[in-house]
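Just so we're aligned, residue 35 is where the sequence shown starts under this note's numbering, counting upward by one.
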Amino acid sequence: MSRNSTTKNILVNIAILVTFVCYLALSNIYVFLPPLLGLLFTKYIKDFKDANFFGSFVVLILCIFFELEKSNNIGFLFLLFIFLSFVVSKIGLILQEESRFFGVIYVFLPYMFYFFVLQSLTIFNHQMPIVFTPIILWYVLCESVLVIWKR
């Protein structure tokens with residue numbers, strides 16, 4: 035296989051899909067494991083910039099699987115990723131996103147917006163509000179370290 039082959043891209047994305055599904059099952063058992071929303075968003079940003087349709091499709095499948103596993107509204111997380119990618123791309127054009135600081139932003143924004151919107155939806159549905167816990171900061175810290183290390 036050549037370096038930029040389509041087959042290699044498909045195999046890598048299928049491996050990511052299988053790994054994420056297995057990891058999501060483990061994160062349901064062990065609370066201290068982050069759900070990897072930040073890494074998933076970072077992958078979406080990279081695939082979006084590289085015009086990698088199959089990678090973006092895998093992110094869509096992973097978002098749907100995540101929402102089914104957590105009993106959330108289906109498709110909402112991917113729509114959030116699309117919205118955030120446009121927000122981040124505009125900020126990135128202004129600040130020339132070459133720094134490692136953007137790795138932390140790519141991790142922090144999905145958690146912040148996802149928590150905020152879920153909180154808003156529970157208020158409108160007259161359900162118990164979602165409580166912000168310090169474990170979310172642990173998730174952001176772990177994923178930020180992974181994203182910075184990967185860059």
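Note that beta-carbon positions come from the ideal geometry of N, C-alpha and C, so glycine has one too.
Residue i in three-state terms, based on DSSP
i	result
residue 47	helix
residue 64	coil
residue 69	coil
residue 167	coil
residue 39	coil
Classification of residue i by the beta-carbon crowding that lies within 10 angstroms, buried from 16 upward
i	result
residue 109	exposed
residue 121	exposed
residue 123	exposed
residue 64	exposed
residue 174	buried
residue 113	exposed
residue 115	buried
residue 150	exposed
residue 117	exposed
residue 135	exposed
Same chain, Cβ closer than 6 angstroms to residue i, five either side skipped, listed in chain order
i	result
residue 58	103
residue 76	140 and 181
residue 69	61
residue 177	68, 72, 73 and 141
Beta-carbon proximity check, residue i vs residue j, cutoff 8 angstroms
i	j	result
residue 148	residue 94	no
residue 144	residue 60	no
residue 66	residue 183	no
Sequence-distant residues of the same chain with beta carbon closer than 7 angstroms to residue i, five excluded per side
i	result
residue 92	47, 50 and 51
residue 88	43, 44 and 47
residue 96	51, 54 and 74
residue 81	89, 90 and 93
residue 79	119, 122 and 140
Legend entry - 4-residue-minimum alpha helix (DSSP H) runs that sit fully inside the region 71 to 130, ordered along the chain: The region 71 to 130 contains, as complete alpha helix (DSSP H) runs of 4+ residues, the segments 71 to 83, 87 to 104 and 110 to 129 (chain order).
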